[in-house]
Structure formats: structure tokens, C-alpha cells
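All remarks here apply to the structure that follows.
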Amino acid sequence: MRADRDLFMEQIQYSDRDTLLCLAISLFDELAQMRMIQLENERISTEAHIQYSELNGKYAAACHENQELKKLLAKEVEKNTLKTKSTFGRKTESFLSLVDAKDHPQEEPADESEVEDAGPGKERRRREIDPESRHKGRKGGRGRHTKKAPSLAHSLKGLPQQIIYDLDVEGLNEQHGENNWRIAYWHQHEKLMKLETPYYTQVVYTPVVSVGTEHDLFTFPYLNPLIDKSVISCTIIADILYRKFVLGLPFYRQAMDYQMQNIPLIKQTIINWANTLVPKVCEEVYEFMTRLLVGYRHIQCDETYIQVNKDGYGPGHKSFLWVHTSSELSNCPPIIIFCYEETRGTDHLRRLLREFLGYITCDAYVSYQVLEKESGGDILTTGCLMHCRRYFAEAFFVQDVAAMEDGELKALPETKALMLIRGIYQEENQLKEMAADERAAARKAKVAPKVDAFFEYVHSLEDSEEIFSDRMKKALTYAVNQERNLRRFLTDGNIPCDNGHVERIIRSYSVGRANWLFADTIHGAKVNAIMYSIVETAKANRVNILIYLQYLFEQIPQRRAGGEKEFMADMMPWSEAYKGYEKRKQQERRSLYGELFPKPERPRTPRKRKRTEEMEQTA
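Take the sequence shown: its letter number 201 is residue 202 in this note's numbering, and every next letter is one higher.
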């Protein structure tokens with residue numbers, strides 16, 4: 002390069018002016034061309050950089066989306082694996098019973114699932130119209146299929162009848178004078194009654210009395226205590242509500258059953274009866290039970306969903322039913338209350354439990370923790386050991402337990418945690434029949450060491466450097482965060498160690514919901530809450546639910562008509578008034594069956610002498 006430069010300098014020195022001028026012009030042109038090329042390269046470089054940035058952003062977004070999809074897929078696979086293993090794989094309890102059968106012969110109570118199945122959705126059937134039959138039924142064009150369906154009142158005449166003559170002779174004599182009245186004719190009133198499976202018509206006659214020599218007619222009015230000018234009775238409405246809220250039979254299926262028995266009772270009529278009579282008769286009972294429950298010191302709470310289709314909510318919208326019960330270990334009469342709310346917020350707890358003082362057994366839902374903080378120590382929440390165990394059981398099922406030997410399974414930290422929880426339950430199950438004070442003392446001596454051992458093991462796992470699955474991490478986090486609440490049942494013998502009692506109640510509600518699927522309106526949802534409260538409370542008190550419903554719909558209108566005001570205590574399923582009523586009903590049932598099905602004479606054994614004579618004749 003330097004030699005070329007020196008040679009070029011020597012050539013310039015001996016060049017003339019024209020040569021130098023031509024050389025300068027050519028160099029200038031080359032320089033301009035080089036600048037244009039440089040600018041073009043800079044433009045291309047800038048565009049390439051922009052495109053690179055855009056593509057790099059798209060690539061990063063695609064990578065992020067891919068990672069999210071992988072996480073979602075992993076969760077779905079894990080969920081499916083969990084479900085499959087929990088359904089068809091090895092059970093935690095069966096395995097624990099194998100490895101620990103000698104020391105722990107008893108089984109702990111089975112867990113209730115938090116996931117509640119909602120039945121398949123209904124499909125609306127299209128109404129198919131036959132063009133040829135559109136004008137059938139009009140004047141001059143009637144066909145053979147235009148026969149009018151029998152009315153409900155007409156169909157009652159085909160049922161067996163119980164005739165009652167409602168006549169008060171002494172009252173008529175006092176009002177009009179003896180021998181100053183006579184019966185002119187009778188008014189007929191009908192009610193649809195139910196006796197076990199068959200139906201019959203109860204016909205009530207009220208007299209029209211002719212008074213005095215002028216024969217003035219005096220009519221005795223008749224009023225159906227439930228719904229005036231209706232055929233409904235306390236036995237029918239009790240049976241309708243029993244079949245839906247106890248047996249889980251929707252109203253439309255009940256209407257089909259009535260129609261198959263030649264009683265044209267349509268679904269809308271049944272719904273109107275329920276939506277009218279339940280608030281009218283049972284709401285006061287529901288409110289009285291609620292006040293009693295708030296006055297208890299130990300309660301249990303949980304919540305579940307209910308679907309409301311109308312009143313501003315579209316199909317699929319979920320409202321909530323809050324479930325509040327008395328503690329399963331307390332010595333007071335059990336009470337179960339369902340409360341309908343549009344949301345799952347804390348406002349419901351604030352309204353319901355504003356006067357409550359005591360302990361609430363619940364899960365780790367934040368609303369209960371907020372209520373505890375706002376109460377200033379008047380309300381204390383206690384944890385659910387069943388929820389804690391459930392997290393460890395899910396972590397157990399995530400493992401490939403089907404391919405493991407018993408020794409490998411036993412060495413898993415999930416298994417060790419489940420074994421420790423199992424030991425707590427086995428000690429706790431032996432204390433259920435004790436009084437509260439005795440149970441509290443026994444818990445300190447027998448259960449508390451088991452609880453200490455469990456949490457010591459949990460803290461050791463938390464401090465260890467061992468790598469756990471996401472499910473196991475979640476289980477450890479739950480146990481550590483809820484340790485204070487999970488230990489609190491050791492301080493009071495009336496506090497249960499878990500919330501399984503409420504979950505079992507919700508399970509019975511979920512079975513019904515899988516059949517009737519949803520509530521059409523908010524009013525219908527509140528009716529469901531009232532009825533499930535009454536039914537589940539009656540079930541918890543071990544009374545005949547059907548007879549108890551008959552008792553409410555019979556006694557409450559009668560007592561209100563008689564002017565009584567303070568009688569709700571007699572409407573409780575544990576009251577002496579109801580116990581006497583149920584006893585009388587059972588006696589009436591036995592007596593009625595005795596008349597319908599007379600007991601045949603028992604065949605007698607032939608005398609010995611006659612048998613000997615017969616044998617001699619045969620010989």
C-alpha cells in the first residue's frame with residue numbers, strides 16, 4: 002500500500018493541469034457514488050433491524066404462549082391423572098391399611114369431594130306442527146283427536162272418597178235456638194288427599210241451614226287453610242316437597258307421575274303451590290331456626306353454588322348457597338341452615354353472624370378470616386383437617402403409585418404425612434361418644450402428641466432442600482399457613498377436627514341439584530334454601546321427614562287461625578309437641594292398615610289324636 006502511494010505521488014508531481022483536473026473529477030464522481038451506496042446500505046440495515054425487532058418480538062410472544070400452553074397441558078394431564086388414579090388406581094386408605102393394619106385396625110372417615118357434579122343440560126324440544134292438523138278443532142272442521150282432557154275436579158270423582166259431615170249441633174242450638182233450625186241441603190267441598198301411595202278425595206260437607214219460620218238460609222263458609230278454593234292439602238304439599246328436597250325428584254317428573262295416575266296436575270300448578278306455601282308457612286320456622294343457630298357457641302360453615310336462570314342472570318350464572326350448621330360434637334339439638342346469596346362475599350357473614358360469639362369450623366376461604374379479624378376476637382375460626390389431608394392425598398396420586406412397590410410407597414413423604422394424619426383420626430374417632438370436657442382432656446393426652454408429630458414433620462419437609470411436586474408444595478403451604486387454626490380444636494371438646502359434617506350435608510344437596518339442575522328465579526332459589534334447611538334439620542334430628550312436613554303445614558295454619566303467636570318452639574323437630582304428633586300418626590297408620598289388611602286367623606296344628614286315627618285308617 003505505501004509503495005503504491007509513493008508511486009502515485011511521483012505521477013502527480015509530473016502531471017499537467019488538465020490531467021490533474023480530470024483525475025479530481027473522476028475521484029469526486031467515485032466518492033459521490035460511494036456515498037450513495039453507503040446511504041442505501043444504511044437504509045437496508047435500518048429496515049433489517051426493524052424487521053429483526055418485529056420478528057424477535059413475535060418469537061418471544063410465541064415462546065411465552067407455548068410455555069403457557071405447556072403449563073396448561075401439564076395441569077390438565079395432572080388433573081386427568083389424578084382423577085384416573087383416584088378412581089381406578091390404588092387408594093390411599095387401602096394402602097395405609099395394608100402397611101399399618103396391626104397398629105391401626107380402624108378406618109378413618111372417607112373424604113367428601115369438593116367437586117360437585119352438575120347434571121347434563123336440558124335440551125329444548127322443537128314443537129313440530131302438522132300443517133294438515135292446524136285447523137282441527139275449529140267449528141266445522143273437528144277431528145277425532147279433539148276430546149277435551151278431564152279437569153282436575155272431574156278426576157277427583159273417580160278416587161275413593163272419605164265423607165265428612167261437618168255439623169256442630171250444639172253451636173247451632175246456642176246461636177239459633179233448639180228446634181229452630183233444620184238442614185236444607187249440603188254444600189260440597191273437595192280436597193285432594195294422599196295416603197301413602199294411593200290418592201283419595203276428602204269430601205267435606207258444610208250445611209246450609211234454614212232458620213226460623215221464614216226459612217232464612219244460613220251458609221257456613223268453608224276456607225281451605227292453605228290456599229282457598231284449591232284442592233291442595235297438607236298431605237299433598239308435604240309429599241311434593243318431600244319428593245323434591247329429600248328424594249331429588251324435580252317438579253316436572255312429579256307432574257308426569259300424577260298424570261300417569263290419571264290426575265292432571267301440571268308442573269306450573271305444583272310450582273305455584275310450592276312458591277306460595279313455603280314462604281307463607283315455613284319462613285317463620287326458618288327464621289326461628291336461624292336465631293337459635295346464631296345463639297350457639299360452635300357452628301360449622303361452608304358454601305356451594307346454585308344456578309339461577311332469570312331475574313337478570315343468564316344461563317350458567319352461579320349464585321351461592323351458604324350452609325351453616327351446629328357443631329356435630331355439641332350437645333344441643335342439631336340445626337342446619339341454607340342461605341341464598343347472589344355473591345360469595347363477606348357481607349353475608351357480617352349480616353348473619355353479627356351477634357354470634359364463638360367458634361366457626363370452616364375451610365381456608367378468606368371471608369372467614371376477614372370476619373375473624375373484624376370481630377376483634379369474639380369469633381375464632383378453626384381449620385379443617387380433612388382439607389389438609391386432601392392436599393396430601395392429591396400429591397400422593399400425582400406419583401406413579403401403580404408402578405411402585407409397597408416399600409417405595411411407604412418411603413414417600415406424602416405417605417408419611419398421610420400416615421400421621423391417619424393416626425390423628427384414629428385417636429379422634431375413639432373420643433366421639435365422650436362428653437365435651439372428657440373429650441378435651443383426652444385430646445390433650447392422646448391427640449395433641451399426634452398433632453405435634455405431624456406438624457414437626459411438615460416443618461422438616463419445608464426446611465429441607467428436597468424437590469417436591471407442585472401438589473406437594475401446595476399441601477405443605479396449606480398445612481403451614483393453617484397450623485394455628487388446625488390446632489385450635491384441641492382447646493375445646495365441642496370443636497370438630499374437620500368440616501366433613503357440612504360437606505356431607507352439601508353432598509345430599511348436590512345429588513338433588515344434579516336432578517333439577519337450576520332454580521328458575523331468585524324467589525325459587527330462596528324457597529330451595531328454606532326447604533333444604535327444614536329437611537336437613539329434620540334429617541339430623543332423626544325424625545320422619547314426611548310426617549314432620551305434614552305437621553308444619555297442618556299445625557301452623559291452625560295455630561295462626563286460633564290467634565296463637567308464640568308457638569314456634571313447638572314447631573321444632575325435637576319438640577315434645579311434634580314427638581306426640583308423630584306418635585299419633587304412626588298409630589293411625591297402623592290402625593288404618595289393620596282395617597285395610599285384616600290379619601288372617603293363624604292355622605292351628607291338628608290334634609295328635611286325630612293324626613293317629615288318620616294313620617290307622619290309612620293302614
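No residue lacks a Cβ here, since even glycine has one placed at the ideal position from N, Cα and C.
Nearest to residue i (by Cα), restricted to the options the options
i, options, result
"residue 288", "364, 582, 573", "573"
"residue 215", "190, 185, 229", "185"
"residue 351", "335, 366, 376", "376"
"residue 479", "285, 396, 67", "396"
"residue 414", "404, 40, 424, 400", "400"
"residue 297", "209, 362, 445, 459", "362"
"residue 535", "263, 340, 258", "340"
"residue 447", "425, 319, 437", "425"
"residue 295", "586, 336, 391", "336"
"residue 388", "354, 487, 189", "487"
"residue 76", "471, 562, 526", "471"
Euclidean distance between Cα positions of residue i and residue j
i, j, result
"residue 356", "residue 407", "53 Å"
"residue 121", "residue 251", "Unreliable positioning characterises residue 121 in this predicted model, as indicated by a pLDDT of 38, which lies under 50. A coordinate reading is not provided."
"residue 481", "residue 454", "13 Å"
"residue 116", "residue 193", "At residue 116, the pLDDT of 37 sits below 50, so the modelled position is not reliable and the matter cannot be decided from this model."
"residue 325", "residue 547", "23 Å"
"residue 589", "residue 265", "29 Å"
"residue 380", "residue 81", "39 Å"
"residue 503", "residue 496", "13 Å"
"residue 12", "residue 25", "14 Å"
"residue 649", "residue 344", "No answer is possible for residue 649: the residues shown for the chain start at 2 and end at 620."
"residue 102", "residue 423", "Low local confidence applies: a pLDDT of 43 at residue 102 is under 50, so the model's placement there is unreliable, with the coordinate-based value given in what follows. C-alpha separation (whole angstroms): 12 Å."
"residue 439", "residue 509", "32 Å"
"residue 394", "residue 542", "33 Å"
"residue 14", "residue 23", "15 Å"
"residue 129", "residue 507", "Residue placement at residue 129 is poorly supported in this model, since its pLDDT is 41, which falls under 50; the coordinates still yield a value, given next. Looking at the two C-alpha atoms, the distance is approximately 41 Å."
"residue 36", "residue 69", "49 Å"
"residue 240", "residue 232", "14 Å"
"residue 569", "residue 285", "8 Å"
"residue 366", "residue 483", "11 Å"
"residue 290", "residue 243", "19 Å"
"residue 235", "residue 330", "35 Å"
"residue 332", "residue 494", "11 Å"
"residue 328", "residue 532", "21 Å"
"residue 237", "residue 555", "11 Å"
"residue 222", "residue 561", "18 Å"
"residue 57", "residue 38", "28 Å"
"residue 527", "residue 398", "39 Å"
"residue 175", "residue 169", "10 Å"
"residue 78", "residue 403", "17 Å"
Own chain, CB closer than 8 Å to residue i, minus 5 neighbours either side, in chain order
i, result
"residue 212", "177, 181, 182, 218, 219"
"residue 5", "none"
"residue 559", "226"
"residue 369", "302, 350, 361, 363, 382"
"residue 421", "451, 454, 455, 458"
Opposing strand residues paired with residue i [DSSP bridges]
i, result
"residue 194", "201"
"residue 325", "302, 338"
"residue 319", "308"
"residue 49", "According to DSSP, which records beta bridges pairwise, residue 49 is partnered with nothing at all."
"residue 219", "210"
"residue 188", "207"
"residue 163", "203"
"residue 182", "212"
"residue 344", "Per DSSP, none; premise fails for residue 344."
"residue 296", "Residue 296 pairs with nothing; no bridge assigned."
Contact set for residue i: own chain, Cβ-Cβ below 6 Å, skip 5 residues either direction
i, result
"residue 416", "410"
"residue 552", "579, 582"
"residue 539", "546, 549, 574"
"residue 21", "none"
"residue 373", "380, 382"
"residue 316", "310"
"residue 537", "337, 506"
Nonlocal neighbours in the same chain, by C-beta distance under 7 Å from residue i, ignoring five residues either side
i, result
"residue 17", "none"
"residue 545", "583"
"residue 201", "160, 161, 162, 163, 194"
"residue 166", "206"
Can at least three beta-carbon pairs, one atom from the segment 271-288 and one from the segment 221-231, be found at a separation below 8 Å? Touching, yes.
So, do the segment 292-308 and the segment 264-272 have three or more beta carbon pairs nearer to each other than 8 Å? no
Please determine if the segment 448-467 and the segment 512-522 are in contact, where contact requires at least 3 C-beta pairs separated by less than 8 Å. no
Quick check: the segment 419-438 against the segment 460-472, are there 3 or more CB pairs under 8 Å? no
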